[in-house]
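Numbering (my numbering), first residue to last: 11 to 340.
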């Protein structure tokens with residue numbers, strides 16, 4: 011025996027009162043649900059609409075409950091995220107402003123398979139604040155879905171003087187091909203936006219580029235860090251700071267480190283963290299550094315030495331072994 015049921019909701023309304031707030035969040039909704047009870051071969055059909063947080067949400071589709079096979083169209087228009095964030099208890103960020111929009115056609119073969127999605131999802135002018143942050147976090151994003159592929163476009167975030175951009179492709183089956191660019195500009199006091207405890211003044215500009223490739227299960231990360239201006243740490247001036255790195259599930263490698271003071275000389279280095287043999291209390295490491303620095307020129311801003319005093323370059327080779335938790339210099 012089968013039973014054909016239809017449920018219709020007209021002008022329903024729910025009021026949600028977030029903890030610690032005095033104004034409830036109202037949700038108006040209507041729609042219909044159709045189900046053939048006791049027949050596993052018939053899908054659950056639904057057509058739902060809701061007005062919430064100054065926006066509209068529409069979901070229309072059908073789902074076979076036994077396997078999860080689904081076909082649905084989801085539309086989100088001008089959804090304000092600020093009132094929605096208050097519904098999440100103990101959420102560390104408070105969203106002050108920003109919106110969310112989406113137009114997605116979703117096909118799910120089964121509960122065990124990844125969905126195929128067509129359409130776009132956009133985050134608009136997000137601004138969020140947390141108690142421990144000294145400046146608001148701002149972000150916007152455009153995600154374009156093409157079946158098994160996700161294109162990341164126009165995706166940017168900033169926190170004070172730190173700016174990031176993200177672009178690339180993620181594929182449910184083939185993996186990543188994405189790039190992250192991070193620009194950091196710190197003038198005199200980086201603690202204005204990043205709570206860094208430093209006893210001396212710091213003025214620097216840095217650019218970080220990260221490339222993510224490989225499968226979703228085994229991503230591979232490569233990247234570079236380079237100074238974009240002369241870095242000043244108290245009275246010490248560094249003409250160049252550069253590094254290249256890579257990492258996967260087995261290791262994180264510092265492939266090359268180069269630091270060149272304005273006064274001359276350089277510090278170079280390389281090394282790795284052994285993630286494959288890492289435990290909760292110990293991560294094996296091995297780093298090597300070579301130093302060649304003109305002592306008199308570097309000390310000049312701090313001490314005025316007599317002309318007749320000559321100091322040779324200081325050269326040193328340093329190896330660090332042990333674990334990240336207990337390193338030791340050799």
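Even glycine gets a Cβ: it sits at the ideal position worked out from N, Cα and C.
- Message: Can you tell me whether residue 226 is helix, strand or coil according to DSSP?
- Response: The residue given as residue 226 occupies position 216 in the chain shown. Coil.
- Query: When the Cα atoms are used, what is the spatial distance from residue 230 to residue 260?
  - Reply: Residue 230 sits at position 220 when you count from the first residue of the chain shown. Residue 260 sits at position 250 when you count from the first residue of the chain shown. Rounded to the nearest angstrom, the two C-alpha atoms are 10 Å apart.
- Secondary structure at residue 201, three-state DSSP: helix, strand or coil? Walking along the chain shown from the start, residue 201 turns up at place 191. The predicted position of residue 201 is uncertain, since its pLDDT is 44 and thus under 50; no value can be drawn from it.
- Item | Alpha-carbon to alpha-carbon, residue 190 and residue 168 | Here the question's residue 168 lines up with position 158 in the chain shown. Here the question's residue 190 lines up with position 180 in the chain shown. One C-alpha to the other measures close to 13 Å.
- Query: Nearest-angstrom Cα distance between residue 405 and residue 293?
  - Reply: This structure leaves residue 405 out entirely; the chain is present only between 11 and 340.
- Inter-residue Cα distance where the pair is residue 284 and residue 242: Here the question's residue 284 lines up with position 274 in the chain shown. Here the question's residue 242 lines up with position 232 in the chain shown. Residue 284 and residue 242: Cα-Cα distance of roughly 33 Å.
- Message: Using C-beta distances below 8 Å, list every residue in its chain close to residue 88, excluding the 5 sequence neighbours before and after it, in chain order.
- Response: Indexing the chain shown from 1 puts residue 88 at position 78. Cβ neighbours of residue 88 beyond the five flanking positions: 64, 65, 66, 109, 111.
- Query: Using DSSP with H/G/I as helix, E/B as strand and the rest coil, what is residue 314?
  - Reply: Position 304 of the chain shown holds residue 314. Reduced to three states, the DSSP call for residue 314 is coil.
- Where the beta strand (DSSP E) containing residue 149 begins and where it ends: By one-based count along the chain shown, residue 149 stands at place 139. Here the beta strand (DSSP E) through residue 149 covers 147-157.
- Query: Any idea if residue 255 is buried or exposed, counting beta-carbon neighbours within 10 angstroms, 16 or more meaning buried?
  - Reply: Position 245 of the chain shown, counted from the start, is the residue given in the question as residue 255. Its Cβ being crowded by 16 or more others within 10 Å, residue 255 is buried.
- Message: Below 8 Å on the Cβ atoms is my contact criterion, and I expect residue 217 with residue 238 to pass it. Report the Cβ-Cβ distance as a whole number of Å.
- Response: As a position in the chain shown, residue 217 is number 207, starting the count at 1. As a position in the chain shown, residue 238 is number 228, starting the count at 1. Correct: roughly 5 Å between the Cβ atoms.
- Indicate the three-state DSSP secondary structure (helix, strand or coil) for residue 11 in the structure shown. If you number the chain shown from 1, residue 11 lands on position 1. Confidence is the limiting factor: at residue 11 the pLDDT is only 47, short of 50, which leaves the residue's position unreliable and the question unanswerable from this model.
- Item | Cutoff 6 Å; reference residue 17; Cβ partners in own chain excluding five residues on either side | Residue 17 sits at position 7 when you count from the first residue of the chain shown. Only 43 meet the Cβ criterion.
- Alpha carbon to alpha carbon, what distance is there between residue 278 and residue 131? For this step, residue 131 is matched to residue 121 along the chain shown. For this step, residue 278 is matched to residue 268 along the chain shown. So the alpha carbons of these two residues sit roughly 44 Å apart.
- Residues that DSSP places opposite residue 87 in a beta bridge: Residue mapping note: residue 87 aligns to position 77 of the chain shown, counting from 1. Answer is 66.
- Message: Can you tell me which residues form a DSSP beta bridge with residue 320?
- Response: Position 310 of the chain shown holds residue 320. Residue 320 pairs with nothing; no bridge assigned.
- Message: I'd like the list of long-range same chain contacts for residue 148, defined as Cβ closer than 6 Å, with 5 residues on each side in sequence excluded.
- Response: As a working mapping, residue 148 is identified with position 138 in the chain shown. Closer than 6 Å at Cβ, skipping near neighbours: 137, 168.
- Terminal residues of the beta strand (DSSP E) in which residue 309 lies: Within the chain shown, residue 309 is the residue found at index 299, counting from 1. No beta strand (DSSP E) holds residue 309; the alpha helix (DSSP H) holding it covers 305-309.
- Message: Among the candidates 23, 271, 337, 324, whose CA atom is the shortest distance from the CA of residue 311?
- Response: As a first step, residue 311 must be located in the chain shown, where it is residue number 301. Cα-wise, what sits closest to residue 311 is 271.
- Using DSSP with H/G/I as helix, E/B as strand and the rest coil, what is residue 288? In the chain shown, residue 288 corresponds to position 278, counting from 1. In the structure shown, residue 288 sits in coil (DSSP, three-state: anything other than H, G, I, E or B).
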